[in-house]
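Counted from 1, the sequence shown has number 1342 at position 138 by the numbering used here; the numbering is strictly sequential.
Only one structure is covered here, and it is reproduced in the block below.
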Amino acid sequence: MDDKVKVFAGTSNPELAKKIVKYMGINLGEIFVTRFSDGEIFVKILENVRGKDVFLIQSTHPPAENLLELLIMIDAMKRASARRITAVIPYYGYGRQDKKDEPRVPISAKLVADLLSTAGAHRILALDLHAEQIQGYFNIPVDHLY
C-alpha cells in the first residue's frame, strides 16, 4: 500500500498522523513546513507523489494559521501531480458560521469549503463539521465521521 498511498502531516497534529500511519503499517510522508520571518508559510514536499493517493492530516484549529497551511499543502500536492488529494480535517474551522442568521454576516463555512475545493482537494474526511448541512457546501465528496 505504501507505494500507492501517502499520508502527510501538517503542523497542527503530527502525533495523530503518526498514530494513523502506524496503524496502517506505512511510513509518514516527508514534508517540510516552515514560516518565513514575516509569518508567511512555506511548504515543500520531500518525496515523489506523482500518481499517488495523498492524505493530508491537518486540523484547522486555530483556523487562520492552520487553514492556510492546509490550502498551501493541497496546492503543493496538486502541482506535484498527486492523483487524488484527501484532506483529513479533525476540526473544521469556521464551522460555527454555517448560516446567515442576521444581515451583513458571511457564511464562512461555505467559503472554507470553496477554498478547499479550489486549492485542489478531491475529498474531505472531517471529524467534526459542527453542523450536518456543511456537507452540502462542498462540490466534492465529504465523509463526516462524527
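Built from N, CA and C at the ideal position, the CB exists for glycine as well.
According to DSSP, which residues form a beta bridge with residue i?
{"i": "T1322", "result": "BP columns for T1322 are empty, so no partner."}
{"i": "L1333", "result": "DSSP output for L1333 lists no bridge partner at all."}
In three-state terms, what does DSSP make of residue i?
{"i": "A1280", "result": "helix"}
{"i": "K1304", "result": "coil"}
{"i": "I1351", "result": "Residue coverage of the chain in this structure runs from 1205 to 1350, which leaves residue 1351 outside it and unanswerable."}
{"i": "L1275", "result": "helix"}
{"i": "L1315", "result": "helix"}
Take residue i and list the residues in its own chain whose beta-carbon comes closer than 6 Å to its own, dropping the five residues that flank it on each side.
{"i": "S1216", "result": "Q1262, S1263 and N1270"}
{"i": "K1314", "result": "Y1341"}
{"i": "M1228", "result": "none"}
{"i": "E1234", "result": "L1250 and E1251"}
{"i": "G1255", "result": "R1287"}
{"i": "L1349", "result": "L1331"}
Could you check where the alpha helix (DSSP H) with residue i kicks off and where it finishes?
{"i": "V1225", "result": "P1218 to M1228"}
Keeping to the same chain, check which residues put their C-beta closer than 8 Å to that of residue i; ignore five residues upstream and five downstream.
{"i": "I1278", "result": "L1260, I1289, A1291, L1320, A1323, G1324 and A1325"}
{"i": "K1222", "result": "A1213 and L1232"}
The beta strand (DSSP E) with residue i in it runs from where to where?
{"i": "T1290", "result": "R1288 to I1293"}
{"i": "R1239", "result": "I1235 to R1239"}
{"i": "D1347", "result": "V1346 to H1348"}
{"i": "K1208", "result": "No beta strand (DSSP E) contains K1208, which DSSP labels as neither H nor E."}
{"i": "L1260", "result": "D1257 to I1261"}
{"i": "V1247", "result": "I1245 to I1249"}
Just to confirm, are residue i and residue j a CB contact at a threshold of 7 Å?
{"i": "L1250", "j": "F1236", "result": "yes"}
{"i": "L1329", "j": "D1347", "result": "yes"}
{"i": "V1253", "j": "K1210", "result": "yes"}
{"i": "D1257", "j": "Y1295", "result": "no"}
{"i": "Y1298", "j": "S1285", "result": "no"}
For residue i, which residues in the same chain have their Cβ closer than 7 Å to its Cβ, ignoring the five residues on either side in sequence?
{"i": "T1238", "result": "F1246"}
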